[in-house]
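Taking the working numbering as reference, the numbering of the sequence shown is continuous, increasing by one, and the terminal residue is 876. Don't be surprised by glycine CBs; every beta carbon is placed ideally from N, CA and C.
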Amino acid sequence: MKRIFILKTDDWINILNWAVWPFFVIYIISMVVCPFIVGKGELIYVQSVWHSWQSLNVGILAFTSSLIAFNISRYNAKKQSEREFVAARAFLPETLSELTSYFQQCSPLLKEAWDRANNAKDKCKTPLKKPLPKLPCSYKKIFSRCIVFSKPDFGEHLACILTRLQIHHSRLQSLENEFSESSNIVQIPQNIVSYMYSLGELQALVNRIFEFSRGREQFDGSPLKLEEFRTAYFGLGLDIPIDLFDNLFYFTQQRLVEKS
617 MKRIFILKTD
627 DWINILNWAV
637 WPFFVIYIIS
647 MVVCPFIVGK
657 GELIYVQSVW
667 HSWQSLNVGI
677 LAFTSSLIAF
687 NISRYNAKKQ
697 SEREFVAARA
707 FLPETLSELT
717 SYFQQCSPLL
727 KEAWDRANNA
737 KDKCKTPLKK
747 PLPKLPCSYK
757 KIFSRCIVFS
767 KPDFGEHLAC
777 ILTRLQIHHS
787 RLQSLENEFS
797 ESSNIVQIPQ
807 NIVSYMYSLG
817 ELQALVNRIF
827 EFSRGREQFD
837 GSPLKLEEFR
847 TAYFGLGLDI
857 PIDLFDNLFY
867 FTQQRLVEKS
């Protein structure tokens with residue numbers, strides 16, 4: 617999928633900062649160099665030129681002062697935001713570890729659901745034995761602070777995790793409720809494979825930012841790769857038979873092709 621290149625606010629400000637330089641050079645030549653050359657170095661002539669263009673000079677000085685003050689303020693705000701982000705990022709490793717622990721607790725539930733859905737003799741009318749893990753709460757505050765003070769690409773990555781995490785947990789809640797005598801839902805193994813894929817995607821997204829959260833690497837905002845999914849699946853401890861893993865891996869390949 618091709619991305620449309622859109623200039624952001626900072627890009628326009630940088631363009632403006634560079635664009636004023638040619639006009640500033642022209643102004644210096646017109647108001648300083650040329651009068652000295654034409655007036656043959658006579659200060660009286662130079663002052664008369666400045667006096668004639670007094671309104672323009674005042675406007676140029678006011679604009680220059682405003683531009684300098686704006687850039688100083690922008691620089692200070694940027695540095696303050698960077699300090700705030702470093703402080704918020706310090707809590708990320710612990711938060712990511714908590715999420716990883718939650719993901720690993722989700723694996724047995726999905727594995728049991730797939731086993732029973734794949735068993736023609738099991739009508740899936742009894743509750744799952746594996747409990748639904750409790751979703752941690754601390755990540756919300758840490759993620760929100762990081763999103764506020766981080767650069768847009770990293771903020772979008774965290775927002776992506778938040779969105780997918782809420783969807784994933786909602787699906788698991790529904791899946792748990794569907795394994796009951798009162799449920800009329802027919803469990804399809806391929807649906808549970810898609811839930812496993814979503815869980816692996818979440819783990820891969822979290823794995824991607826572990827080293828960055830510790831300040832050891834730069835953030836990589838490129839699309840997830842197939843090998844990252846493989847690492848995530850093994851890290852989740854999905855104790856699944858080879859036919860299921862092949863199915864899951866093929867499903868993952870298809871989804872990555874669709875997103876490319």
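Segment limits, alpha helix (DSSP H) that includes residue i
| i | result |
| --- | --- |
| Asn793 | Pro768 to Glu794 |
| Asn734 | First-last for Asn734: undefined, no H or E at that position. |
| Trp666 | Leu659 to Ser668 |
| Val764 | Ser754 to Phe765 |
| Phe835 | Per DSSP, Phe835 belongs to no alpha helix (DSSP H) and is neither H nor E. |
| Ser829 | Phe826 to Ser829 |
| Glu797 | First-last for Glu797: undefined, no H or E at that position. |
| Gly851 | Leu842 to Gly851 |
Rounded C-alpha distance that separates residue i from residue j
| i | j | result |
| --- | --- | --- |
| Glu833 | Asn823 | 12 Å |
| Arg780 | His773 | 11 Å |
| Ser668 | Ala775 | 58 Å |
| Pro747 | Leu632 | 58 Å |
Neighbourhood of residue i by C-beta, 7 Å cutoff - its chain only, sequence neighbours within 5 removed
| i | result |
| --- | --- |
| Tyr813 | Leu864, Phe867, Thr868 and Arg871 |
| Ile758 | Ala704, Phe707, Leu708 and Thr711 |
| Val765 | According to the sequence shown, residue 765 is Phe rather than Val. Hits under 7 Å: Ser697, Glu700, Phe701 and Ala704. |
| Pro606 | Because the chain spans 617 through 876 in this model, residue 606 falls outside it and cannot be assessed. |
DSSP state of residue i mapped onto helix, strand, coil
| i | result |
| --- | --- |
| Gly816 | helix |
| Ala704 | helix |
| Gly655 | coil |
| Pro749 | coil |
| Met617 | Per-residue confidence for Met617 stands at a pLDDT of 41, beneath the threshold of 50, marking its modelled position as unreliable; no derived number is given. |
| Lys741 | coil |
| Asn863 | helix |
| Ser717 | helix |
Exposure of residue i, with buried meaning 16 or more beta-carbon neighbours within 10 Å
| i | result |
| --- | --- |
| Phe686 | exposed |
| Cys650 | exposed |
| Ala784 | Rather than Ala, the amino acid found at residue 784 in this sequence is His. Label assigned to His784: buried. |
| Lys750 | exposed |
| Gln819 | buried |
| Tyr691 | exposed |
| Leu840 | buried |
| Trp730 | buried |
Proximal residues to residue i (C-beta, below 6 Å), its chain only, five neighbours per side dropped
| i | result |
| --- | --- |
| Phe795 | Cys740, Pro743 and Leu744 |
Proximal residues to residue i (C-beta, below 8 Å), its chain only, five neighbours per side dropped
| i | result |
| --- | --- |
| Phe639 | none |
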